[in-house]
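In the numbering used here, the protein residues as written are 1 to 116. We put the beta carbon where it would ideally sit given N, CA and C, even for glycine. In what follows, a single structure is set out as structure tokens and then discussed.
Set out below in structure tokens:
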């Protein structure tokens, strides 16, 4: 059973920073694509950023100046460094992973709240 274990969410003041982590508990095949999505109340889930095994990254336009995605292939872990956080960044952040065999997995989500 593959599990995605997310951590690093919490309450932060506007302008603050958080670093999210997502570790893949088991892997049977190579990990291809790792990504972070987020979903705010009343909104659809949206892509924040993704990163390929080779390290090629892609960001949502509204976040590319403040967020940075990275991954540690040896640890099967993806990170999201979030800086200059705004109240509108408040959401549940989900980790998403695809393997080279085509299997896809979602994490359970971690809450990020930006408020003074």
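1. Assuming the contact rule is C-beta atoms closer than 8 Å, residue 67 and residue 53 should be a hit. Round their C-beta distance to whole Å, please.
2. Kindly indicate which three-state DSSP category residue 65 falls into: helix, strand or coil?
3. With a Cβ-Cβ cutoff of 8 Å, do residue 38 and residue 2 count as a contact?
4. Can you tell me the Cβ-Cβ gap for residue 31 and residue 50, rounded? I've got them flagged as a contact below 8 Å.
5. From residue 114 to residue 42, what distance separates their C-alpha atoms?
6. Kindly indicate which three-state DSSP category residue 104 falls into: helix, strand or coil?
7. Below 8 Å on the Cβ atoms is my contact criterion, and I expect residue 17 with residue 7 to pass it. Report the Cβ-Cβ distance as a whole number of Å.
8. By a C-beta neighbour count over all protein chains shown, 10 Å radius and 16 as the cutoff for buried, is residue 74 buried or exposed?
9. If I measure Cβ to Cβ from residue 9 and keep anything under 6 Å in the same chain, skipping five residues before and after, which residues do I get?
10. Can you tell me whether DSSP reads residue 6 as helix, strand or coil?
Once the coordinates are examined:
1. 20 Å between Cβ atoms; not a contact.
2. coil
3. no
4. About 12 Å separates the beta carbon of residue 31 from that of residue 50, a gap too long to meet the 8 Å contact definition.
5. Cα to Cα, the separation comes out at about 17 Å.
6. strand
7. About 15 Å separates the two Cβ atoms, so there is no contact after all.
8. exposed
9. 110, 111 and 112
10. strand
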